[in-house]
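Respectively, the protein sequence lines represent chains B and W. Take the numbering used here: the last position of the first sequence gets the number 468, and nothing is skipped along the way. Take the numbering used here: the last position of the second sequence gets the number 468, and nothing is skipped along the way. Report on the following structure.
Number of protein chains: 2
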Amino acid sequence: MRIAQIAPLWVPVPPRTHGGTELVVSLLTEELVRRGNEVTLFASGDSQTSGKLVSTCARAIWRDPTLKDPHACIMSLLGRVITHANDFDIIHSHTGFYFTPFAQHIPTPVVQTLHRPIYPETHRLYQEAKNVSFVAISQDQAKSATPLPIAKMIYNGIDIAKYPFAPESRGYLLFLSRIAPDKGVIEAIEAARLAKKKLIIAGNIIRRKFTGDDDYDFFVRRVKPRIDGEQIIYAGEADFGKKVELMRGADALLFPIRRREPFGLVVPESFACGTPVIAFTRGSTAELIEEGKTGFLVGSIRAMAQAAERVKELDRSECRKVAEERFSHLRMADEYETLYREILDQRLTANNSRRAQ
Amino acid sequence: MRIAQIAPLWVPVPPRTHGGTELVVSLLTEELVRRGNEVTLFASGDSQTSGKLVSTCARAIWRDPTLKDPHACIMSLLGRVITHANDFDIIHSHTGFYFTPFAQHIPTPVVQTLHRPIYPETHRLYQEAKNVSFVAISQDQAKSATPLPIAKMIYNGIDIAKYPFAPESRGYLLFLSRIAPDKGVIEAIEAARLAKKKLIIAGNIIRRKFTGDDDYDFFVRRVKPRIDGEQIIYAGEADFGKKVELMRGADALLFPIRRREPFGLVVPESFACGTPVIAFTRGSTAELIEEGKTGFLVGSIRAMAQAAERVKELDRSECRKVAEERFSHLRMADEYETLYREILDQRLTANNSRRAQ
C-alpha cells in the first residue's frame, strides 16, 4: 500500500526525549516500511525514517525557538498532504484535529488516531468530519468520544526488544511523565512519603513558549519544595536509554493520573521492563493494568501508598509477559494494516456495486 | 458580488477594545454590504455584521478561557470556507497564513490582506501559494514581502465620522497600543520624561494563555515601576469611546515602534481627531506621516522628546484633512471592490480565450 503518515510537528519522529505519540508514529511507520509498504512520513525535518520524509520545517517546533508563527509550518504541511493526496491509498493522521476538516475534500480515505483527550471544541469538529475513520486508543477513550463513530480500537504498541527485562528491582518508586498538575506528580510524592519509600521523578517541564500554560511556575512553587534529593529525587528529563534504566530499577511505576488519559504509553513500557504500575482508576488504566497481577488500581493517595508497600508480592515476569502479548508494536502494525485493507476493500466494493448498477 | 470575508478568530468583529485588523474587517464588510454585495463573514460567534455570519466558536478565542484547543475552531472555520467555496465569487482572507495553503484547492479566487509582519516561516508558506492575490497594507510591507508578488497596496481605512475633530488638545502625550516591548512603551515613557510632559498610556496586556509570550511580566517588571500616576499614567485598556476621547485630548500620539509595523491603525485614527503623531522612522511610518505637517519622524528617544516640545506648532486641522483624504474606509472599500472586479475580469478573459482556442 502507498501510505501517508502525518505526525504532529512539535516533537521529532522518533522523539529525542518525551513524546509518546511521536514514538508510536515512528514504530508504526518503520514496521509498515519493513512489511513492504511505500510509506511517506509528513513530519518535522529533524525526524528520521526509512520511508520518505516530507517536511515544512527544519526542526520540530518545540526545538526551534526562532519560530514566530509555528502554525505556519503546520498549515504548510497540511497543504502538502492535500496536494499529494492522490499519491496515496491511505492517509493516516496523528496530528489531532488539524487535518480532520480537510479530509472531506480529498478522494483518499483518511484514518485518524485520537491520541489526546477530546475537548468540547474538538469533539464538535470531529462530529462534522467526513471521509475519516477514527481510531480510539482505548475502550475508555472510545466511550468518551460518544456519539462519534469509532472505526476501531487499537492499543498503542512498543518495541518490546528495546526494553530488557529486569527480574530484580533496586528499591525505589518511579514517576515518569511531563511535570504538570494533571499528570499527578504531587500525588506521587505524597504517596511515596506516606509509604516511606524513595521516589525518583523524571520528566520534562513545558516552558512558556507556544503552550497554553507554563508548567515551570508549577514546578518551582509546588514540586521543587517537596524534593529533598534523598527520599524525593528529581532526575530531570530522561532520554530513551535513561528512561529504560529508571524503569528497570523501579519496584513500581506510580501513575496517579488526574485527567482522563486515553492511553499512557509509560504503562506498557514499564511492564516490558518487568515493573508493575500503581495507577489511579481513571481513563484507560483499568484496561491496561490487571489488578494484583501487573499492578494495582487505587482511588486515593493513601491507597497508592499501601499498594506501594505490597508491590513486591507481584511477579515481574508476568508484567513482561503481558507487555509481549498485548502491547507489541507488531500487533499494533497488524491491526492498522488490517484496518487500512478493510477500508480499501469497502471502498472497492462500494465502487463496484455503483458501477454494476 | 458574492464575497466571503474570513476574519481571525482571536478577537470579535468589530472588536470590543483592541484589534486593528478586526476593526478594518468590520468596516470593509459593512461597507461592501451597504453597496449591495452579498457578504458572508466567517468570524467568531460574538461578532456582528449586517451580512451573513458563519461561526465555529461562540466567543472569540481570547474571550473564552474554557477553550483547550482554540485552533480546532480555526481549522473548523477553514473547512467551512472550503465546503462553501463555490458559493462565492471572491474569498478574502484576513486570517494570516491559515487559509493560504488551501487556496490552490478551491476554484474561487482568493484575496489575502497581509495584516501582520512577515516572519521567515510565513514567507516560505506565502511563496508556495497558488490562487492567492496578496494585498500589502503599505509600500514598506510590500517591499518586506519581496520576492512575493503583491497584487495591490491598499492602505487600511477608518470611519472618519466616528472620530470627532478636536481643534484644541488638553496638554498631554498619548501612547495607545498593546503593552509590549516591540511596541515601544518604554521609549514613550523616556521621551515624555525628557520632554517633562504628561504621558497617558492605554492598551491591553496579553496574558500567558494561547500566546507565544506573556507581556504581563514585562509590564510588572519594566513598565509599572515607571508609572507614577501623575506624570506617567496607565489608563488601562481603552474601548472605542475611551480611545477616541484620549486621542482627541492629546497634544500628540507617540509611536516609537520597534518592529517593522506594516501599518499602525492608531496613526490615521489619531489624525482624524486632529492629533499629530511623533513616530520612529520604521516600517510604514514615513508613508503615513508627513514630516512637519501631520507629525514628526524621529530616530531616537531624545529626538522624540524634542519633537514633543515642538508639536504645538502643527495645525491640527491639517491632520484631520489628511485622514479624510487618505484614510477613509470608503476609499479602502473602493480599492478592494476594484481589485475584486479586476480579478474576476481577468479570470473571465482567461476563460474566454481558453474557450476560443
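Each residue gets a CB set at the ideal place from its N, CA and C atoms; glycine is no exception. Since this is a predicted model, take the numbers as computed values, not measurements.
Can you name the residues of chain W whose CB is closer than 8 Å to the CB of Asp-180/B?
Gly-207, Phe-208, Tyr-230, Glu-232 and Thr-233
Could you check what DSSP says for Thr-160/B in three-state terms: helix, strand or coil?
coil
Could you give the DSSP three-state label for Val-433/B: helix, strand or coil?
helix
Assuming Lys-163/W and Leu-178/W form a contact by the criterion Cβ under 8 Å, report the distance between their Cβ atoms to the nearest whole angstrom.
At roughly 24 Å, the Cβ-Cβ gap does not stay under 8 Å, so Lys-163/W and Leu-178/W are not in contact.
Quick one: does Ser-153/W have its CB under 8 Å from some CB of chain B?
According to the sequence shown, residue 153/W is Phe rather than Ser. No, Phe-153/W does not count as interfacial toward chain B.
Distance cutoff 8 Å, beta carbons only. Does Pro-275/B sit that close to anything in chain W?
no
Considering only the alpha carbon of each residue, which of Ile-201/B, Glu-420/B and Gly-352/B lies closest to Lys-273/B?
Gly-352/B
Residues sharing a beta bridge with Lys-287/B, DSSP
Per the sequence shown, the amino acid found at residue 287/B is Leu instead of Lys. Ala-313/B, per the DSSP bridge assignment.
Residue burial classification, Gln-238/B (beta-carbon count within 10 angstroms, cutoff 16):
exposed
Contact between the region 368-377 of chain B and the region 242-255 of chain B is defined here as three or more beta-carbon pairs at a separation below 8 Å; is this criterion met?
yes
Local Cβ density within 10 Å of Lys-335/B, reported as buried at 16 or more and exposed below that
exposed
Under the three-state DSSP convention, the category Tyr-327/B falls into
helix
Contact list for the region 190-203 of chain B against chain W, Cβ threshold 7 Å
Gly-190 and Ile-193
Taking its Cβ as the centre, do 16 or more other Cβ atoms sit within 10 Å of Val-331/W, making it buried, or is it exposed?
exposed
Closest Cα partner of Ala-291/B within the set Asp-325/B, Gly-282/B, Pro-260/B and Arg-304/B
Asp-325/B
Just the Cα atoms here: how many angstroms apart are Glu-475/W and Arg-393/W?
One cannot answer for residue 475/W here, as it falls past the ends of chain W, which runs 112 to 468.
Give the secondary structure of Gly-177/B by DSSP, where H, G and I count as helix, E and B as strand, and everything else as coil.
The sequence shown places Thr at residue 177/B, not Gly. Looking at Thr-177/B - three-state DSSP - the assignment turns out to be coil, as it is neither helix nor strand.
Closer than 8 Å to chain B by CB, Phe-245/W:
no
Inter-stretch contact (C-beta, 8 Å, three-pair minimum) for the region 377-391 of chain W and the region 417-431 of chain W:
yes
Member of Val-135/B, Arg-174/B and Asn-315/B whose CA lies at the smallest distance from the CA of His-226/B
Val-135/B
Residues sharing a beta bridge with Arg-113/W, DSSP
Glu-149/W
Can you tell me which of Pro-220/W, Ile-271/W and Ile-368/W puts its alpha carbon nearest to the alpha carbon of Ser-288/W?
Ile-368/W
Give the range of the alpha helix (DSSP H) segment to which Phe-382/B is assigned.
377-384
Along chain B, in chain order, which residues have C-beta atoms closer than 7 Å to that of Leu-236/W?
Ala-183, Met-186 and Ser-187
Residue ranges of each alpha helix (DSSP H) run of no fewer than 4 residues wholly in the region 187-262 of chain W, ordered along the chain?
231-238 and 250-255
Rounded separation between Gly-323/W and Tyr-209/B - CA only:
Caution is warranted here: a pLDDT of 48 is assigned to Gly-323/W, below 50, making its placement in the model unreliable, and the coordinate value is therefore given only provisionally. Each residue's alpha carbon lies about 19 Å from the other.
Would you mind reading off the limits of the beta strand (DSSP E) that contains Ala-361/W?
361-366
Between which two residues does the beta strand (DSSP E) harbouring Ala-390/B extend?
388-391
By the 10 Å Cβ neighbour count, where 16 or more other Cβ atoms means buried, how is Pro-218/W classified, buried or exposed?
exposed
Chain W within 8 Å of His-226/B, Cβ atoms only
no
Which two residues bound the contiguous beta strand (DSSP E) that contains Val-409/W?
406-409
What does the Cβ neighbour count give for Asp-350/B, buried or exposed, with the cut at 16 atoms within 10 Å?
exposed
Compare the C-beta of Cys-72/W against all C-beta atoms of chain B and say whether one is closer than 8 Å.
The displayed coordinates of chain W run from 112 to 468. Any statement about residue 72/W would go beyond what the structure contains.
So that I know if they touch, is there some Cβ in chain B lying closer than 8 Å to that of Pro-373/W?
no
Just checking: is the beta-carbon of Thr-211/B within a distance shorter than 8 Å of some beta-carbon in chain W?
yes
Apply the 10 Å Cβ neighbour rule to Thr-460/W and answer buried if 16 or more other Cβ atoms are within range, or exposed otherwise.
exposed
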